[in-house]
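**Student:**
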Amino acid sequence: DIRKLFVPRFQGARGNAADASGDGDGAATAAPVQMRPSPVSHVLSAKAIEAELGDTTSPDVIIAELRQANDQLVSEVEMLKTANQLLTNQLGDVRTAVVAERKQLDKEATRLKKLEDVRVRTIERYDDQLSFLEAQIKALRGTATLDESSLSMSDLDPTQEAVVMLSLGQLLLDCGVNSTQTQHSNDVAKSFWSNFPMVFVTADFLMHETVASNVVATSTTAFLDTDVSYRVRQDAVLLHNITCRPINLELHKVT
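Following this note's numbering, the numbering of the sequence shown begins with 7 at its first residue and continues without gaps.
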């Protein structure tokens, strides 16, 4: 039988692959054998591929290089984390400084606004006071003032001169008098004051002092009523002015 010749050659590969469906005389058919590729041929093919690619680096070297690259990446990541933390801290400090500066700016703006309001109210109050004083001065001085006159004291004869009724404090006449006109001036003054008792004369001397009465509030509008006069010192300067220089006299009429 030709099958008996092949049995020893495939004895190790058959195993229990005999067909159990044979007849009762013990005849069996051989099972097909699975042939596996040899590991030697696989190793040779990998080496052949490596040789063809030209890469003869061993796996240990590649692993060492990869580990070194990984260590560098880890170091760079740590450096980036440190830089990020520093920048975060700086950003927090800057934000804190900005908040503090804004608070200080708001506080300073509020202070300046309050100061501006106080100054504005002060200016308004001063403006009101100035307007009130201007109205008082206008009421005291009248609406017009005559220019300086060249009339002498002899021209003030009340029988020849018409005295106009003027507001309180308004200048009626301005003339000059010196020592040569003293006696004549006294005669004219007596006649003038007897006919015009509400007219008064002021003299502008070089040395004088102001004497004022007590201030009295006459109404709720804060209108102040006071009397102001000039007290002349009879000294060498006054005598020199009387004897050598004309004295400026201003004639006023109270209405």
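Positions of the beta carbon are idealized from the N, C-alpha and C atoms, including for glycine.
For L118, which of helix, strand or coil comes out of DSSP?
**Tutor:** Three-state DSSP puts L118 in a helix.
**Student:** Have a look at K87 and T102 and give me their C-alpha separation to the nearest angstrom.
**Tutor:** Roughly 22 Å separates the two Cα atoms.
**Student:** With a threshold of 7 Å (Cβ to nearest heavy atom), would R108 be considered close to the ligand COA?
**Tutor:** With respect to the ligand COA, the structure shown offers nothing to examine, as it has no ligands at all.
**Student:** Given this structure, state the Cα-to-Cα distance separating A70 from N76, to the nearest angstrom.
**Tutor:** The alpha-carbon atoms of A70 and N76 are separated by roughly 10 Å.
**Student:** Return the CA-CA distance between P65 and L79, expressed in angstroms with no decimal places.
**Tutor:** Roughly 21 Å between the two C-alpha positions.
**Student:** Between Q74 and V100, what straight-line distance do the alpha-carbon atoms span, to the nearest angstrom?
**Tutor:** Between Q74 and V100, the C-alpha separation is close to 39 Å.
**Student:** On the three-state DSSP scale, how would you describe S64?
**Tutor:** Three-state result, S64: coil.
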